[in-house]
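> Chains A and B, in that order, are what the protein sequence lines are. Start counting the first sequence at 1; every next residue gets the next number (the UniProt record's numbering). Start counting the second sequence at 1; every next residue gets the next number (the UniProt record's numbering). In this text, a Cβ means the ideal position worked out from N, Cα and C, and glycines have one as well. All values reported here derive from a predicted model rather than from experimental measurement.
Protein chains: 2
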Amino acid sequence: MAGKKADDTADDTGDGAHESIWQRMERPARPPRAALTHAQIAAAAVEIADAEGLDAVSMRRLAERLGVATMGLYRYVRGKDDVIELMVDAVYAEEARAVEGRDWREVLRVSALRLRALILRHPWLVETTAQTGPLTPNFVARTDRLLASLDGLGLDPDTAMTVIGTVGAFVTGATTARIRMVRLMRKEGAEKMDDLRTLYSSRMRWLLESGRYPAFERYIRGGVRKDDDDWQFELGLDSVLDGIAARLKV
Amino acid sequence: MAGKKADDTADDTGDGAHESIWQRMERPARPPRAALTHAQIAAAAVEIADAEGLDAVSMRRLAERLGVATMGLYRYVRGKDDVIELMVDAVYAEEARAVEGRDWREVLRVSALRLRALILRHPWLVETTAQTGPLTPNFVARTDRLLASLDGLGLDPDTAMTVIGTVGAFVTGATTARIRMVRLMRKEGAEKMDDLRTLYSSRMRWLLESGRYPAFERYIRGGVRKDDDDWQFELGLDSVLDGIAARLKV
DNA sequence: ACGAGGTGTGTACGGCGTACGCAACGAGTA
DNA sequence: TACTCGTTGCGTACGCCGTACACACCTCGT
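#1: Return helix, strand or coil for G76/A, following the three-state DSSP convention.
#2: Rounded to the nearest angstrom, how far is the Cβ of G173/B from that of T172/A, given a contact under 8 Å?
#3: Output yes if chain A places a C-beta closer than 8 Å to the C-beta of V77/B; else output no.
#4: Here's the rule I'm using: 16 or more other beta-carbon atoms within 10 Å means buried, otherwise exposed. How should E94/B be labelled?
#5: With a 10 Å radius around its C-beta and 16 neighbouring C-beta atoms as the bar for buried, classify L153/A as buried or exposed.
#6: Smallest Cα separation from D82/B: which of S111/B, L135/B and V68/B?
#7: One question on the structure: do L150/A and W104/A come within less than 8 Å of each other, judged by their Cβ atoms?
#8: Taking all protein chains shown into account, do 16 or more other C-beta atoms lie within 10 angstroms of the C-beta of T198/B, making it buried, or fewer, making it exposed?
#9: Counting only Cβ-Cβ distances shorter than 9 Å, please list the residues of the region 236-250 of chain B near chain A, keeping chain order.
#10: Counting beta carbon pairs with one atom in the region 120-127 of chain A and one in the region 179-187 of chain A, are three or more of them shorter than 8 Å?
#11: Please report the distance separating the alpha-carbon of A17/B from that of S210/A.
#12: Run through DSSP, which three-state label would residue 252/A get?
#13: Counting C-beta neighbours from all protein chains within 10 Å, is the total for I244/B 16 or more, i.e. buried, or is it exposed?
#14: Compare the beta carbon distance of V77/A and L125/A with 8 Å and say whether it is the shorter of the two.
#15: Report the neighbours of I84/A on chain B: residues whose CB is nearer than 8 Å to its CB, in chain order.
#16: Measure the C-alpha to C-alpha separation of S111/A and W231/B and round it to an integer number of angstroms.
#17: Assign V88/B to buried or exposed, taking buried as 16 or more other Cβ atoms, counted over all protein chains shown, within 10 Å of its Cβ.
#18: How would you write the range of the alpha helix (DSSP H) that M204/A sits in, first residue to last?
#19: For a test of the three-state rule: what should DSSP assign to A63/B, helix, strand or coil?
#20: Please compile the residues from chain A whose C-beta is within a distance smaller than 7 Å of the C-beta of Y92/B.
#21: Can you name, in chain order, every residue of its own chain whose Cβ lies under 7 Å from the Cβ of T37/A, other than the five neighbours on each side?
#22: Let me make sure I understand the geometry here. Which of A56/B, V68/B, R61/B and G53/B has the alpha-carbon closest to that of A35/B?
#23: Span of the alpha helix (DSSP H) holding P214/B?
#24: Counting only Cβ pairs nearer than 7 Å, list the residues of chain B close to V140/A.
#25: Let me see if you follow: with CB-CB separation under 8 Å, is T70/B close to chain A or not?
#26: Quick check: is the beta carbon of R203/B nearer than 8 Å to any beta carbon in chain A?
#27: Strictly below 7 Å CB to CB, what residues from chain B border G101/A?
#28: Anything in chain A within Cβ reach of Q232/B, meaning under 9 Å, just list it in chain order.
#29: Could you give the distance in angstroms between the alpha-carbon of R65/A and the alpha-carbon of L155/A?
#30: So, is the C-beta of L113/A closer than 8 Å to a C-beta in chain B?
#31: Please work out which residues of its chain come closer than 6 Å, Cβ to Cβ, to V107/B, disregarding the five sequence neighbours upstream and downstream, and give them in chain order.
#32: What alpha helix (DSSP H) runs, 4 residues minimum, are completely inside the region 68-138 of chain A?
#33: For V57/B, which three-state DSSP category applies?
#34: Distance, Cα to Cα, V46/B vs L115/B?
#35: How close, in whole Å, do the beta carbons of residue 329/B and V140/A come, if the pair is a contact with beta carbons under 8 Å?
#36: In angstroms, rounded to a whole number, what distance separates the CA positions of G189/B and G53/B?
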């Protein structure tokens, strides 16, 4: 019979997508209505990205986890870029809490540490550069709070924003470098930084044996806090804040 | 004969599995006639990425441009990650020139401005975070030169490296933010930032009308240097250098 | 009762990275 | 000279991806 030709093989897999009409006809009831929310989509996507990286967030994977057909997602988002924008805003919602602090410097410092922790919790954030603009609600909310903390210092708006941008640039840049190492460790299956060094020792030896990098070699041999990222980050952050404080007073 | 096997020379490093592309290309190519060089591959890939973005660099496109079969590339690289590593190192070669400067501060400042210009010339660099480690030869060479410029200040190696990392983090972070805007402009077909503002005016109005971002709104209304990225960057950079200078003297 | 429009779904298309297998070649050996 | 045999060059194929599109179905206004 005509209708059975291609469907038979597909039915062997049990794949619902290739059910014959007869099977579909006798299915008793409609599956329950899905009714997704954007928050659900964002949460599911963030879970996938946290667990397996941004590349694992595909429309198919996401739809599967939400119990929806792949194309069903397109009722809620225009495309994958929308999903990523939802994801970014969802994680910045974790920073919705206002920062308590005695003065602007403490507010900026705590904010910086919290932002770093946020990015480290969601390392895929640094890969979203290509997709998102800086106008998601929760990100604007963060900027607003930081701007407010600078009120009363007599700064013009441009300088105030630049101060915030400077700290933000340092935090994202430094954390991105950190994430690069974490990613490399995971890729190579290393637990500690020392494991990574062992794996890359041949490469490092090859580099150093050229003799072209004497100052770098001195650091490799003499540095004792190479893996103390917290120390490096806070030293850098405090330097940046020092510089800003000097500017603000002049 | 067993002695002829290429792997034997590789094995004398003790760790063939983790040889970098740099180590592998040092060995003379097996065939008497090598149709391709790694420099050619890198140059072609960089051209594509500069013109059309990193996503446009596919093994097929790259092979086509080089006049080679797709799989022919795999004789020269282990996979796409190798290609990206070659690309990153190729553009850092543009920074091979030593930086002239009276003191460490000027060297760091000029280096920062040059790095920013380099990233702006090759905006896809900020998307390579996920793929590359920080050990490509030309990148190490840059680090080495900067470390050398701090010699004689009496810094311990850890502090010296952190200083360089701090400036580098600021530069990459600030430039990444800039690139986000450039990309957004290109995506929306805007020529000037004002065009972009026009396109996003409804979104912005929607955000501001919520009344939840008073400080941010004041900036939007009062800022007059919102688009002067050079000014913002240099103000931030000079602040960072101020802070570092203060630390170094203490 | 029925038509229209919103919604969930499956199929299909053109891309991607790369595993794999096969043809052609060139040098060492008999 | 004839015969291996490792190596290179390349085409095919697999399983992913994002998403355009058409269709089946449900709900609701008339």
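Reading off the structure:
#1: A quick correction: the sequence has Tyr, not Gly, at residue 76/A. Y76/A: coil per DSSP, three-state reduction.
#2: The C-beta distance from G173/B to T172/A rounds to 4 Å, short enough to fall under 8 Å.
#3: V77/B does not count as touching chain A.
#4: E94/B comes out exposed.
#5: Exposed, because fewer than 16 other Cβ atoms sit within 10 Å of the Cβ of L153/A.
#6: Closest in C-alpha terms to D82/B, from the list S111/B, L135/B and V68/B, comes L135/B.
#7: In this structure, W104/A lies closer than 8 Å to L150/A by Cβ.
#8: Note on T198/B: under 16 other CB atoms within 10 angstroms of its CB, so exposed under the neighbour-count rule.
#9: Residues G236, L237, D238, S239, V240, L241, D242, G243, I244, A245, A246 and R247.
#10: Taking a cut-off of 8 Å on C-beta distances, the region 179-187 of chain A touches the region 120-127 of chain A, as three or more cross pairs fall below it.
#11: Reliability of the predicted coordinates at A17/B is poor, the pLDDT of 44 falling under 50, and the value obtained from them is presented with this limitation in mind. One C-alpha to the other measures close to 21 Å.
#12: Residue 252/A cannot be examined here, being either before or after the span of chain A that is shown, 1 to 250.
#13: Its Cβ being crowded by 16 or more others within 10 Å, I244/B is buried.
#14: 8 Å or more divides the Cβ of V77/A from the Cβ of L125/A.
#15: Here the premise fails: no neighbours, minimum Cβ distance about 13 Å.
#16: Rounded to the nearest angstrom, the two C-alpha atoms are 24 Å apart.
#17: Answer is buried; the Cβ neighbour count reaches 16.
#18: Start and end: S201 to E209.
#19: Helix, per DSSP.
#20: Annotation: Y92/B has no Cβ neighbours in chain A at a cutoff of 7 Å; minimum Cβ distance is about 14 Å.
#21: Taken in chain order, the list of residues that qualify is empty.
#22: Selected option, being the one with the closest Cα: V68/B.
#23: P214 to G222 is the span of the alpha helix (DSSP H), which, as asked, contains P214/B.
#24: The answer, in chain order, is L207, Y213 and F216.
#25: No, T70/B lies away from the interface with chain A (no Cβ there is under 8 Å from its Cβ).
#26: Taking Cβ atoms only, chain A reaches closer than 8 Å to R203/B, which makes this a yes.
#27: Going along chain B, no residue has its Cβ under 7 Å from G101/A, so there is no contact; the nearest lies around 15 Å.
#28: The answer, in chain order, is D158, M161, T162, G165 and T166.
#29: Looking at the backbone, the Cα of R65/A and that of L155/A are separated by about 49 Å.
#30: No Cβ of chain B is located within less than 8 Å of the beta carbon of L113/A.
#31: For V107/B, where only same-chain residues beyond five positions count, the Cβ hits under 6 Å are V99, G101 and S149.
#32: Counting only runs of 4 or more, we get 80-92 and 104-121.
#33: V57/B falls in the coil class under three-state DSSP.
#34: Between V46/B and L115/B, the C-alpha separation is close to 17 Å.
#35: The shown model of chain B, from 1 to 250, leaves out residue 329/B, and the question about it has no answer.
#36: Roughly 16 Å between the two C-alpha positions.
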